[in-house]
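Colleague: According to my numbering, the stretch in the first sequence is residues 11 to 579, in order. Here a beta-carbon is modelled for each residue, glycine too, at the ideal position from N, C-alpha and C. Just so it is clear, the structure is predicted and the values come from calculations on it, not from any experiment.
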Amino acid sequence: MRFSQTLIPTLREDPVDAQVVSHRLMLRAGLIRPLGAGIYTWLPLGLRVLRKVEAIVRQEMDNAGAQEVLMPAVQPGELWQESGRWEQYGKELLRFVDRHDRQFCFGPTHEEVISDLVRREIRSYRQLPANFYQIQTKFRDEIRPRFGIMRGREFLMKDAYSFDLDWAGLEVSYQTMFAAYQRIFQRCGLAFRAVEADTGSIGGASSHEFHVLADSGEDVIVSCDQCDYAANLEKAVSRPAEIADTGAVAVPAVERVATPGQKSIEAVGQFLRWPVERIVKSLLVEAAGEPVLLLLRGDRELNMVKAAAALGVPQVTIPEPERAAQWAGVAMGSLGPLGTPLRVLADREVPALADFVCGANTEGWHWQHVQWERDVPLPALADLRNVVAGEPCPRCATGRLQRHQGIEVGHVFKLGDKYSQSLGVRVLDSQGLEQTLVMGCYGIGVSRIVAAAIEQHHDQNGICWPVALAPFQIALLLLNPREPGEVEAGEALYRDLLAAGVEVLLDDRDERAGVKFKDADLLGCPLRVVVGGRSFKEGMVEVQARTGERAERVPLAEALATLVRLAGR
RNA sequence: CGGGGUGUAGCGCAGCCUGGUAGCGCAUCGGCUUUGGGAGCCGAGGGCCGGAGGUUCGAAUCCUCUCACCCCGACCA
11 MRFSQTLIPT LREDPVDAQV VSHRLMLRAG LIRPLGAGIY TWLPLGLRVL
61 RKVEAIVRQE MDNAGAQEVL MPAVQPGELW QESGRWEQYG KELLRFVDRH
111 DRQFCFGPTH EEVISDLVRR EIRSYRQLPA NFYQIQTKFR DEIRPRFGIM
161 RGREFLMKDA YSFDLDWAGL EVSYQTMFAA YQRIFQRCGL AFRAVEADTG
211 SIGGASSHEF HVLADSGEDV IVSCDQCDYA ANLEKAVSRP AEIADTGAVA
261 VPAVERVATP GQKSIEAVGQ FLRWPVERIV KSLLVEAAGE PVLLLLRGDR
311 ELNMVKAAAA LGVPQVTIPE PERAAQWAGV AMGSLGPLGT PLRVLADREV
361 PALADFVCGA NTEGWHWQHV QWERDVPLPA LADLRNVVAG EPCPRCATGR
411 LQRHQGIEVG HVFKLGDKYS QSLGVRVLDS QGLEQTLVMG CYGIGVSRIV
461 AAAIEQHHDQ NGICWPVALA PFQIALLLLN PREPGEVEAG EALYRDLLAA
511 GVEVLLDDRD ERAGVKFKDA DLLGCPLRVV VGGRSFKEGM VEVQARTGER
561 AERVPLAEAL ATLVRLAGR
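As structure tokens, then:
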């Protein structure tokens with residue numbers, strides 16, 4: 011492709027609105043342009059990269075036995091009412107009506123559509139197992155789209171749906187997809203990690219997320235430094251520490267102390283000169299409309315997913331301040347377990363505190379030297395908090411947990427009969443009995459992979475594409491397009507490389523050398539080849555890897571063979 | 001959704017406080033010179049100052065409303 015005839019609007023300056031590296035570089039390198047909040051046009055170069063990812067995904071899906079289809083982006087609301095998600099899905103679902111006032115949505119996912127297809131077309135167990143996938147534009151009306159392509163509202167996604175007669179069949183389908191995902195991310199040249207993920211309210215089923223490791227990732231993942239245990243923060247657990255025998259310790263008498271104006275755990279700790287880990291943090295949450303007081307060590311973070319699971323409700327939320335005050339009889343900030351009428355649930359770590367501080371359920375007052383059982387009954391226990399780095403691994407004897415930042419690029423999920431039940435996806439089994447199918451779903455953020463790859467592969471000068479995703483293998487710089495000899499040699503090399511099947515971007519623009527070098531670095535093709543100037547006078551071309559230290563000189567006559575070899579063709 | 005910020009030429013910004021009809025750098029176009037890491041000089045084009053309403057002789061500037069975009073938060077009370 012010729013640079014001079016392609017829209018590659020590189021930017022010299024950093025766009026002020028772009029916060030993360032991938033967003034900045036995608037704009038600067040002319041891969042994308044914004045149209046609105048969280049929606050982007052893919053320009054020629056960016057589209058080439060997107061297509062590379064798509065091709066890898068498609069190949070591996072096909073190899074894994076999945077069948078490609080393309081479902082409508084616009085879906086009837088009726089179908090979503092049938093599955094019950096029309097009410098559940100909330101504002102992320104972009105809804106609209108057609109001219110007949112019928113309700114529609116722009117598909118954020120396609121469980122309903124594929125289920126509808128399968129219930130109409132698949133009648134017999136002999137047609138199973140089946141796995142259908144598509145690569146489609148989705149729209150999710152995110153509360154706050156940000157970070158460019160990383161978290162846009164409109165994005166390109168591969169989604170696959172497997173259908174099996176039973177759970178054993180689903181297990182096979184799931185493992186097949188899991189393996190295909192590992193190959194996909196390996197081929198994309200990404201450092202990634204598969205982690206156990208929370209399954210939310212569906213229950214029973216298992217789920218894994220695939221994260222590209224990057225400091226800018228929005229998600230926290232936890233992994234063991236010894237074994238292969240890895241989970242996302244919502245799901246991750248640590249091995250519980252031994253609980254001390256709290257009854258044996260001599261604790262001073264419990265005492266009510268004034269803590270005027272001390273609102274946070276840190277402030278109370280400093281004011282009373284107690285370490286935060288010996289203050290019990292009391293959090294009022296709403297679980298299925300009921301108030302529950304959750305107790306955590308002062309230095310720990312509440313994990314709301316774990317809390318919901320422990321309470322057996324779909325989710326817990328933080329109540330409105332007025333409502334909370336009504337329930338607790340006191341403003342939040344002074345809550346505590348002593349004498350509370352509320353249901354109390356404590357993190358399993360909390361009983362280890364033999365002598366602690368907690369709120370006194372009166373504004374501006376706390377208790378100190380509280381002891382379990384002596385002063386307050388020990389409440390029900392559960393794992394309620396996020397793990398922290400350095401804790402012991404729940405799976406192996408010696409491992410310690412580490413925390414990393416990750417970008418979620420893939421998610422595999424055993425759905426079970428959640429949709430097949432509500433939508434009536436059934437076939438006849440070998441006995442002639444009707445069976446509800448067991449489903450799995452498998453997503454990959456195709457466009458997000460492009461951004462994630464840049465997060466992982468860049469330097470001060472621009473993108474450093476992994477070979478498999480690069481828009482071109484070679485950036486061929488025609489240093490002086492007014493020098494007929496150089497042009498002739500460069501054009502010939504360009505033609506020969508194309509003929510050999512190598513993807514080349516020929517920078518034939520009438521620009522100064524410096525501009526071409528800067529743009530080549532920004533665009534990040536794996537190899538940069540210079541034809542012209544000093545080396546050309548000696549019959550040489552220069553070859554430099556994007557991530558290499560210095561250029562190598564190759565005789566013009568050998569350039570083609572060398573480049574074909576280096577480009578891996 | 002709550003809070004904060006910004007909207008002026010393709011991009012980055014100044015001008016606004018203290019009203020007088022718009023400017024700088026880069027980019028673009030023409031010319032000359034230059035030519036190995038984002039060139040120099042000369043010249044040119046391009047903006048109903050996000051939109052609507054109001055105040056005023058006069059509004060980019062003051063007031064009201066509105067829209068868009070960005071940031072922070074939406075578990076630590």
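Put R538 into one of helix, strand or coil per three-state DSSP.
Modeller: Translated into positions along the first sequence, residue 538 becomes position 528. The answer is strand: DSSP assigns R538 an E or B state.
Colleague: Could you please give me the residues that DSSP links to C234 through a beta bridge?
Modeller: Looking up residue 234 in the first sequence gives position 224. L411, per the DSSP bridge assignment.
Colleague: Taking only runs of the alpha helix (DSSP H) that begin and end inside the stretch 111-135, which ones reach a length of at least 4 residues, in chain order?
Modeller: 121-131
Colleague: Quick check on this structure: which residue in V340, N371, G374, V386 has the alpha carbon closest to the alpha carbon of P361?
Modeller: Taking the first sequence and counting its residues from 1, the one referred to as residue 361 is at position 351. Nearest option by C-alpha distance: V386.
Colleague: Whose C-beta lies closer than 7 Å to the C-beta of S134 among residues of the same chain, with five residues either side of it excluded?
Modeller: Here residue 134 refers to the residue found at position 124 of the first sequence. Closer than 7 Å at Cβ, skipping near neighbours: V437, L438.
Colleague: Over the uninterrupted beta strand (DSSP E) stretch that includes Q144, give me the two end residues.
Modeller: By 1-based counting over the first sequence, the position of residue 144 is 134. Run containing Q144: 140-149, per the beta strand (DSSP E) assignment.
Colleague: Could you give the DSSP three-state label for Y239: helix, strand or coil?
Modeller: Stepping through the first sequence from its first residue, residue 239 is reached at position 229. It is coil, neither helix nor strand.
Colleague: Between which two residues does the beta strand (DSSP E) holding Q378 run?
Modeller: Against the first sequence, residue 378 aligns to sequence position 368. Unbroken beta strand (DSSP E) run through Q378: 375-380.
Colleague: Can you tell me which of D176, F366, P404, A240 puts its alpha carbon nearest to the alpha carbon of L138?
Modeller: Locating residue 138 in the first sequence gives position 128, where the first residue counts as 1. Looking at the Cα atoms, D176 is the closest of the given residues.
Colleague: Using the three-state DSSP reduction, which class does K245 fall into: helix, strand or coil?
Modeller: Along the first sequence, read from residue 1 onward, the residue named residue 245 stands at position 235. If DSSP states are grouped into helix, strand and coil, K245 belongs with coil.
Colleague: Closer than 8 Å by C-beta to L352: which residues in its own chain qualify, once you throw out the five before and the five after it? Chain order, please.
Modeller: If you number the first sequence from 1, residue 352 lands on position 342. The answer, listed in chain order, is L294, P301, V302, L303, W337, A338.
Colleague: Could you please give me the residues that DSSP links to T557 through a beta bridge?
Modeller: What you label residue 557 is simply residue 547 of the first sequence in a count that begins at 1. According to DSSP, T557 bridges with nothing at all.
Colleague: On a CA-only basis, which of I124, W284, G416, G46 is nearest D169? Give me that one, please.
Modeller: Stepping through the first sequence from its first residue, residue 169 is reached at position 159. Distances from the alpha-carbon of D169 to those of I124, W284, G416, G46 put I124 closest.
Colleague: Using the rule of at least 16 other Cβ atoms within 10 Å of the residue's Cβ for burial, across every protein chain shown, is E418 buried or exposed?
Modeller: To locate residue 418, count along the first sequence from 1; it is residue 408. Answer is buried; the Cβ neighbour count reaches 16.
Colleague: Please report how far the alpha carbon of G549 lies from the alpha carbon of T572, in whole angstroms.
Modeller: To locate residue 549, count along the first sequence from 1; it is residue 539. To locate residue 572, count along the first sequence from 1; it is residue 562. Answer to the nearest angstrom: the Cα atoms are 15 Å apart.
Colleague: With distance defined between alpha-carbon atoms, name the residue in C234, L21, I145, P491 nearest to F639.
Modeller: Not covered by the structure: residue 639. The range shown for the chain is 11 to 579.
Colleague: As a quick exercise: from G46, D24, E287, pick the residue whose alpha carbon is nearest that of L37.
Modeller: Residue numbering aside, residue 37 sits at position 27 when the first sequence is read from its first letter. Considering only alpha carbons, the answer is D24.
Colleague: As a quick exercise: from L35, K148, S440, pick the residue whose alpha carbon is nearest that of M81.
Modeller: As a first step, residue 81 must be located in the first sequence, where it is residue number 71. For M81, the nearest C-alpha among the options comes from K148.
Colleague: If contact is defined by three or more beta carbon pairs under 8 Å, each pair taking one atom from either stretch, is the stretch 61-72 in contact with the stretch 193-207?
Modeller: Contact holds: three or more Cβ-Cβ distances are below 8 Å.
Colleague: Going by beta carbon distance, what residues of the same chain come within less than 7 Å of L345, once the five residues before and after it are set aside?
Modeller: Here residue 345 is taken as the residue at index 335 of the first sequence, counted from 1. Residues of the same chain with a CB within less than 7 Å of the CB of L345, apart from the 5 flanking positions on each side, are S292, L294, L303, A338, G369, N371 in chain order.
Colleague: If you measure between the beta carbons of V232 and A241, is that distance less than 8 Å?
Modeller: Position 222 of the first sequence, counting from 1, holds the residue named residue 232. Position 231 of the first sequence, counting from 1, holds the residue named residue 241. Yes.
Colleague: Confirm, please, whether the CB-CB distance from A320 to A392 is below 8 Å.
Modeller: Translated into positions along the first sequence, residue 392 becomes position 382. Translated into positions along the first sequence, residue 320 becomes position 310. Against a cut-off of 8 Å, the Cβ pair of A320 and A392 comes out as a contact.
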